[in-house]
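Data first, discussion second: the structure below is written as structure tokens.
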Amino acid sequence: MDAQLLAFVAVAAAMVALPGADFTVVVRNALASRRSGLATAVGVAGGLLVHTALAVAGLAAVLVTMPVLFRTVQLLGGAYVLYLGLSGLYAMRRRATAGADEGTEPGGRAPSGLRRSLRQGFLTNALNPKAPVLFLSLLPQFVPEGQPPLPRTLLLASVVVLLALVWFPAVALLVDRLGRWLRRPRTARAIEGGSGTALTALGLVLVTGPLLH
């Protein structure tokens with residue numbers, strides 16, 4: 014039994030399940046519909062696939078060692094997360110003033126297409142500047158000495174993506190299962206407000222904070 018691989022699975026599972034922007038976006042979109050939540054979850058996994066591919070190719074090391082490039086990605090990611098957060102807060106305000114009887118989804122808008130949900134999940138993860146640092150610091154620790162690094166790194170990267178493909182759709186399905194209660198006007202407004210505030214705070218930290226490495 015590969016003890017290092019089992020240890021990595023445990024660490025990676027905790028990393029994937031840690032609440033953050035990905036989790037918040039999946040929950041928010043799953044409130045609109047199950048299909049929207051699942052599309053967002055797949056988008057998040059796609060973003061992770063980009064990060065793992067960069068780590069395997071060694072390009073993430075270039076990104077981390079170039080402050081200007083890293084800061085550019087950090088600003089883009091922060092701006093996008095901030096946009097999602099402010100959009101959520103604005104939608105919550107509209108919903109509170111217009112009422113819950115307009116036939117719109119949580120968020121105050123007509124149901125958007127699956128492509129939009131997929132894109133939101135993908136960009137939220139792909140533009141996360143912390144991910145390259147995490148992968149570069151985490152993956153090498155689980156490559157046994159004497160083994161070729163590339164096959165092992167590919168295996169570890171695949172584990173991360175597979176965990177995301179399990180966890181985030183499970184979150185979306187759970188939110189949909191609890192939808193009758195979660196979509197009550199008062200509860201929906203509370204979730205929208207909480208998710209909007211969380212995303213806004215995360216975006217502000219990324220935009221105004223120092224370099225993360």
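Be aware that the sequence shown starts at 14, since it is given in our numbering, and climbs by one per residue. Don't be surprised by glycine CBs; every beta carbon is placed ideally from N, CA and C.
Exercise. Taking all protein chains shown into account, do 16 or more other C-beta atoms lie within 10 angstroms of the C-beta of residue 81, making it buried, or fewer, making it exposed?
Worked result: Within the sequence shown, numbered from 1, the residue matching residue 81 stands at position 68. When all chains shown are included, residue 81 counts as exposed.
Problem set entry | residue 18 - DSSP class collapsed to helix/strand/coil | For the purposes of this step, residue 18 is identified with residue 5 of the sequence shown, where counting begins at 1. Three-state result, residue 18: helix.
Problem set entry | For residue 26 and residue 154, the rounded distance between their alpha carbons | Working through the sequence shown from its first residue, we reach residue 154 at position 141. Working through the sequence shown from its first residue, we reach residue 26 at position 13. Taking the straight line joining both Cα atoms gives about 16 Å.
Exercise. When DSSP labels each residue in this structure, what does residue 95 get in the three-state scheme?
Worked result: Locating residue 95 in the sequence shown gives position 82, where the first residue counts as 1. Three-state DSSP puts residue 95 in a helix.
Exercise. When we look at the beta-carbon of residue 46 and count the other beta-carbons within 10 Å, is it buried (16 or more) or exposed?
Worked result: Counting from one through the sequence shown, the residue named residue 46 turns up at place 33. Buried: at least 16 other Cβ atoms inside 10 Å.
Exercise. Excluding sequence positions up to five away, which residues of its chain have a Cβ less than 8 Å from the Cβ of residue 133?
Worked result: Along the sequence shown, one-based indexing puts residue 133 at 120. Cβ neighbours of residue 133 beyond the five flanking positions: 38, 42, 53, 56 and 97.
Exercise. From which residue to which residue does the alpha helix (DSSP H) around residue 138 run?
Worked result: In the sequence shown, counting from the first residue as 1, residue 138 sits at position 125. Unbroken alpha helix (DSSP H) run through residue 138: 127 to 139.
Exercise. Which residue comes first and which comes last in the alpha helix (DSSP H) that contains residue 168?
Worked result: Numbered from 1 along the sequence shown, position 155 holds the residue referred to as residue 168. That run of the alpha helix (DSSP H) goes 162 to 190.
For this session: Kindly indicate which three-state DSSP category residue 67 falls into: helix, strand or coil?
Result: Position 54 of the sequence shown, counted from the start, is the residue given in the question as residue 67. In this structure, residue 67 counts as helix in the three-state DSSP scheme.
Exercise. Going by beta carbon distance, what residues of the same chain come within less than 7 Å of residue 13, once the five residues before and after it are set aside?
Worked result: Nothing in the structure corresponds to residue 13, since the chain is present only between 14 and 226.
Problem set entry | residue 10 classed as buried or exposed, judged by whether at least 16 other C-beta atoms fall within 10 angstroms | Summary: the structure shown does not reach residue 10, with the chain confined to residues 14 through 226, and so no result is reported for it.
For this session: Just tell me which of 185, 173 and 158 has its CA closest to the CA of residue 28.
Result: Locating residue 28 in the sequence shown gives position 15, where the first residue counts as 1. Nearest C-alpha to residue 28: 173.
Exercise. Any idea if residue 163 is buried or exposed, counting beta-carbon neighbours within 10 angstroms, 16 or more meaning buried?
Worked result: Indexing the sequence shown from 1 puts residue 163 at position 150. When all chains shown are included, residue 163 counts as exposed.
Exercise. In angstroms, rounded to a whole number, what distance separates the CA positions of residue 99 and residue 15?
Worked result: Taking the first residue of the sequence shown as 1, we reach residue 99 at position 86. Taking the first residue of the sequence shown as 1, we reach residue 15 at position 2. Cα to Cα, residue 99 sits roughly 45 Å from residue 15.
Exercise. From this set, 175, 127 and 58, which residue's C-alpha is nearest residue 35's C-alpha?
Worked result: For this step, residue 35 is matched to residue 22 along the sequence shown. Among 175, 127 and 58, the Cα nearest to that of residue 35 belongs to 58.
Exercise. Rounded C-beta distance between residue 228 and residue 148? I'm assuming under 8 Å.
Worked result: Absent from the model: residue 228. The displayed extent of the chain is 14 to 226, so no value can be given.
For this session: Express the C-alpha separation of residue 44 and residue 50 in angstroms, rounding to a whole number.
Result: Reading the sequence shown from its first residue, position 37 is the one you call residue 50. Reading the sequence shown from its first residue, position 31 is the one you call residue 44. Approximately 7 Å between the Cα atoms of the pair.
Exercise. Checking contacts by CB at 8 Å: is residue 135 closer than that to chain B?
Worked result: Looking for chain B here will not work: only one protein chain is present.
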